[in-house]
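Working notes, beginning with the structure itself.
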Amino acid sequence: MQKIIIGACGLALSLVASAVSAQSLSQSEIDQLGQSLTPIGAEKAGNAAGTIPEWTGGLPTDAGQSLSNNFLENPFKGEQPEFVITAQNYQQYRDNLTPGQIALFERYPETFRMPVYQSKRTVGFPQSVYDQVKRTVGQAKLVNGGDGVENVEPGSSFVFPIPKSGAEVIWNHMTRYRLNVHRWYMQAMPQTNGSFTLIKMEEEVGYPNLM
74 MQKIIIGACG LALSLVASAV SAQSLSQSEI DQLGQSLTPI GAEKAGNAAG
124 TIPEWTGGLP TDAGQSLSNN FLENPFKGEQ PEFVITAQNY QQYRDNLTPG
174 QIALFERYPE TFRMPVYQSK RTVGFPQSVY DQVKRTVGQA KLVNGGDGVE
224 NVEPGSSFVF PIPKSGAEVI WNHMTRYRLN VHRWYMQAMP QTNGSFTLIK
274 MEEEVGYPNL M
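Numbering (our numbering), first residue to last: 74 to 284.
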């Protein structure tokens, strides 16, 4: 077991942790992993409105062909939108739009459109991640007011699959499943007049258990 301390976001974590203290998990709660909850703790069922489907295991392994550059082709390339929101009809969807989206419809009524596709729950992880989460659920404990976590196996993912506080949710994000990566990407900073500035970045991330 090891202890993880993160200082950069310690203030935010400690503020959240001070409001809600962690509670022990009951066996009945733990047993819901893989049942009413997905193997990493998300709600498996869809929503009452039917707009979010049930999680059924993620993207099937045969959903698309691997390309020569090791990327996966678009598994939904033939799919058509359920409907398209425009400046002419956005009012009927207003309750589901953010203030920023509404502003875009009002500022660019001739060009801004929002195709809406059927929701998918494509996320999935290796079986080894599911096994680790099931094996270690309930072991991790917050320390230092939420700045750190102890009783964590090296390389563990989603250390609080059934979170009891906002701090535990944040730690699930910080311990999400990731692999070593070396990537280049660009960010755009657009202005209201259409001009933009591009920022090119290079990032290399490695994890001790994957070295």
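All residues carry an ideal CB built from backbone N, CA and C; glycine is no exception. Predicted model only: the values in this text are computed from it and were never measured.
Closest by CA to residue i, which one among the options?
i: residue 152; options: 192, 116 and 119; result: 192
i: residue 253; options: 266, 280 and 240; result: 280
i: residue 310; options: 126, 102 and 180; result: The requested residue 310 does not occur in the structure, where the chain is confined to residues 74 to 284.
i: residue 209; options: 218, 272, 223 and 217; result: 223
i: residue 133; options: 147, 123 and 125; result: 147
Can you tell me the Cα-Cα spacing of residue i and residue j, whole angstroms?
i: residue 97; j: residue 233; result: 11 Å
i: residue 202; j: residue 244; result: 16 Å
i: residue 136; j: residue 145; result: 9 Å
i: residue 278; j: residue 120; result: 36 Å
i: residue 273; j: residue 109; result: 43 Å
i: residue 164; j: residue 142; result: 43 Å
i: residue 125; j: residue 111; result: 15 Å
i: residue 173; j: residue 284; result: 42 Å
In chain order, what residues of the same chain lie with their CB nearer than 8 Å to the CB of residue i, ignoring the 5 residues before and after it?
i: residue 270; result: 261 and 262
i: residue 189; result: 154, 155, 156, 157 and 158
Considering only residues of the same chain and omitting the five flanking positions on each side of residue i, which have a CB-CB separation below 7 Å?
i: residue 256; result: 276
Between residue i and residue j, is the Cβ-Cβ spacing less than 8 Å?
i: residue 114; j: residue 231; result: yes
i: residue 15; j: residue 178; result: Absent from the model: residue 15. The displayed extent of the chain is 74 to 284, so no value can be given.
i: residue 196; j: residue 107; result: no
i: residue 175; j: residue 167; result: yes
Going by beta carbon distance, what residues of the same chain come within less than 6 Å of residue i, once the five residues before and after it are set aside?
i: residue 282; result: 227 and 228
i: residue 118; result: 127
i: residue 264; result: none
When the cut-off is 8 Å and only beta carbons count, does residue i lie next to chain B?
i: residue 181; result: The chain labelled as chain B is not found in the depicted structure, where only one protein chain is given.
Beta strand (DSSP E) runs wholly inside the segment 95-181, at least 3 long, in chain order:
156-158
Alpha helix (DSSP H) segments (min. 4 residues) lying fully within the segment 217-267:
For the segment 217-267, the continuous alpha helix (DSSP H) assignments of 4+ residues that do not extend past its boundaries occur at 239-247, in sequence order.
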